[in-house]
Amino acid sequence: MNTEVLQIGGIDVEIVHKKIKNLHIGCYPPEGRVRVAAPSHMGTDAIRLAILTKMSWIKRKQNQFIRQERQSPRRFVSGETHSLFGRHLRLEVQEWEKKTYRISRQSADRLLFSVPAGSEAQQLHLWMNRWLKSVLREYAEPRVVFWADRMGVKPTKWGIRPMKTKWGSCNPEKGTVWLNTELAKKPERTIDYVVVHELAHLVSPKHDEKFIRVLDRELPEWRSLRRELNDSQLAAWVD
Ligand SMILES: [Zn+2]
């Protein structure tokens, strides 16, 4: 196995030649290192060309990692910015006499988090996630019903749970659909895209032509919604 580093389109690309059939390009966190596994017989020019055609994907991926790095972990203190349905809200943490918590949206840009005195950040994090899950459910519930009805599919069950790498998932055999809790932070239109995407898997489990036809018909702007969602980061504080 021999490794070389090529400068392609202004970035360093690590090339490893292997006994494989197809070229594979990987972009890895934290800084977006690019590593390419190429068939042993493939020449430098062909490799260079293959990488150039994937350049916009690589750049997008790298930007995504950079943004992820920049996003510092939340401490759940007053003044911090938290996202809700794509809007940035200013958090205000207030201790109160009660043993329970309450989170309420005070105005377009303020979130009031009332907590028992002496609560730990870890606990606030758990409460915040529970709350995000409930507001996401409130939004998504009628949307799942609306889209399923429109698309003529019947999920047997749907739910919300934290996921590390995906916005949603579907098990077509069981008919189940899951949405990532983090979606509560994203614009409503992008949540609809994930709902439509997962429900479309009940029509076709793969991302094949049949699947694409469903998306094109139901949500013609799905490509730009997908880009919007993938360019935004999966926050570092998914549990
Ligand atoms: Zn899919």
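So the sequence shown is numbered by our numbering: it starts at -19 and just counts up by one. Glycine residues also receive a C-beta, built at the ideal position from the N, C-alpha and C atoms.
(message) Helix, strand or coil, according to DSSP, for Y119 in the structure here?
(response) helix
(message) Within 10 Å of its beta-carbon, does K146 have 16 or more other beta-carbons around it, so buried, or fewer, so exposed?
(response) exposed
(message) Suppose you measure from the CA of V133 to the CA of L209; what does that come to, to the nearest Å?
(response) 24 angstroms
(request) Return yes when the Cβ of L91 is within less than 9 angstroms of the Cβ of L69, no when it is not. (result) yes
(request) Determine the DSSP secondary structure at W127, reduced to helix, strand or coil. (result) helix
(request) Sort L106, W202, K186, L182 by Cα distance to T161 and report the nearest one. (result) L106
(request) Out of I171, C7, K186, point me to the one whose CA is closest to L199's CA. (result) I171
(message) Classify F56: buried if its beta carbon has 16 or more other beta carbons within 10 angstroms, exposed otherwise.
(response) buried
(message) Any heavy atom of ligand 1 closer than 8 angstroms to the beta-carbon of C150?
(response) yes
(message) Taking its Cβ as the centre, do 16 or more other Cβ atoms sit within 10 Å of G148, making it buried, or is it exposed?
(response) buried
(message) Are there any heavy atoms of ligand 2 lying less than 8 angstroms away from the beta-carbon of E178, as far as the coordinates show?
(response) Here the bound small molecules are ligand 1; ligand 2 is not part of this structure.
(message) Can you look up T80 in the DSSP assignment and give me helix, strand or coil?
(response) coil
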